[in-house]
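So the number in the working numbering is just where the residue sits in the sequence shown, counting from 1, plus 90.
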Amino acid sequence: MSDRAYLAEVGKRPGMFVGRVTYFTVTAFLLGYDAHSGHRVLAGWDDWLTARRGRDCDHAWPGKVLHLALPEGWTADLAPGQDRHAITTLFALLDAFLGEREPVGKT
């Protein structure tokens, strides 16, 4: 199974992987997954998010995803609707990123 396919499954049922589902527990899972891969899976992700947003900031990639998901801004304690939207946006962006890196014809 490719990383893209595996992470799509995580996105469908994140509670199976992180327990209490919040944007921050999901990003922690992804950071661990990437570390286990030798930082191969998310190589280039930060720059890709910056290009997608059209400008840089001082945030690490979890904050850059929040800029895209919640352009009106956010606080450290995301409201439940913001949390769900941020997670949905995260996995949509991640799928697009991994899809661009995947060889043609492979899913």
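Just so you know, even glycine gets a beta-carbon here, dropped at the ideal spot from N, CA and C.
Residue 112: first and last residue of the uninterrupted alpha helix (DSSP H) it sits in: Neither: residue 112 is in no alpha helix (DSSP H) and is coded neither H nor E.
Expected contact under 8 Å - CB spacing of residue 158 and residue 178 to nearest Å: Actually they do not touch by this definition, with Cβ atoms about 12 Å apart.
The region 129 to 144 touching the region 155 to 173, judged by at least three CB pairs closer than 8 Å: yes
8 Å Cβ shell around residue 192 - same chain, five flanking residues per side excluded: 92, 94
Nearest to residue 186 (by Cα), restricted to the options 105, 134, 119: Among 105, 134, 119, the Cα nearest to that of residue 186 belongs to 134.
Limits of the alpha helix (DSSP H) - the one that residue 171 falls within: 170 to 191
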